[in-house]
Amino acid sequence: LHANLVSDQGEHKETEELSAQLNRLTTSYAKIAGSRHLIAKGKANLQAVLNQWTRQLRQESALDFDQARLNTWMENYHERLDQLTQAEANLQVSQEDYQAAIEVVRSRIDMMNSRSNLATQAQIRELMEHNTEMQKQSLVFQYAAGLIEFIVLAYYSHSLWKNLSHEGYLMVPASIQFIVVLLFSGNAVYCTHLLAEYMQGEHEVKSKMVISLISLAVLLVTIIAGTIFLSSQGASGL
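The opening residue of the sequence shown carries number 18 in our numbering; numbering runs sequentially from there.
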């Protein structure tokens, strides 16, 4: 568990560093894209101005400019235009490099997130398996506790019945005694479990609990009444 926590912390830190790096790259990419857009716009404006001046100079009859003199006069502007073109090309290369770097960092983040998701799923699956195993053990313990409760209750119920009315008890066949004790003890254990579930908020067992209580009460009354009746019959016979 400690190793998993340390590993998770390391991966989380690396993910944060990659995210910060991605933010820096994205910011730089946006700045380069903005600069390239401005240069392209300025270059287009400068080209339009040069074209307009060239047309006006050629159309102006008072100015006698031949092509050589016109080119010499406009040379500085053309050099500036070439510089802007070169700068735009350099920015395009830089923009493509930043785009490639952004894709690489994003891929690494996606891979780490995918690996983290797989690790999380594995941990969840491990916890579910552990929980299933615990539930199985809990069921075994519940069955064992229920069996012990049943045996103890059957023993004391049988002893109480025997001591309550010994004469009537002796008149009941052993097989009937065994069946009655089993029914009473089993119903009592079942009723206590339903009552415990109801007290924990599982109100859907209320109908079962009521039926079990009624059955237990009927069985108890039958045992007591039958024992008293048999005892009286035995006394009358004497």
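A virtual CB, placed ideally from N, CA and C, is assigned to each residue, including glycine.
| query | result |
| --- | --- |
| Spatial distance of MET129 from ALA161 (CA atoms) | 47 Å |
| Distance CB(LEU42)-CB(ILE126) smaller than 8 Å | no |
| Beta-carbon proximity check, ILE245 vs GLY163, cutoff 8 Å | no |
| Delimiting residues of the alpha helix (DSSP H) encompassing GLU221 | No alpha helix (DSSP H) contains GLU221, which DSSP labels as neither H nor E. |
| Proximity winner among LEU187, VAL169, ASN134 and ALA57, relative to GLU105 (alpha-carbon distances) | ALA57 |
| Burial state of SER192 (16 or more Cβ within 10 Å) | exposed |
| CA nearest to the CA of ARG97, picked from GLY59, LEU230 and ALA213 | GLY59 |
| Neighbour-count burial assignment, TYR115, 16 or more Cβ in a 10 Å radius | buried |
| Classification of ILE49 by the beta-carbon crowding that lies within 10 angstroms, buried from 16 upward | buried |
| As assigned by DSSP and simplified to three states, the class of SER52 | helix |
| TRP90 to SER45 span [Cα, whole Å] | 38 Å |
| Whole-angstrom C-beta distance between LEU237 and SER202, which should lie under 8 Å | So it is not a contact: roughly 12 Å between Cβ atoms. |
| Spatial distance of ALA118 from GLN217 (CA atoms) | 59 Å |
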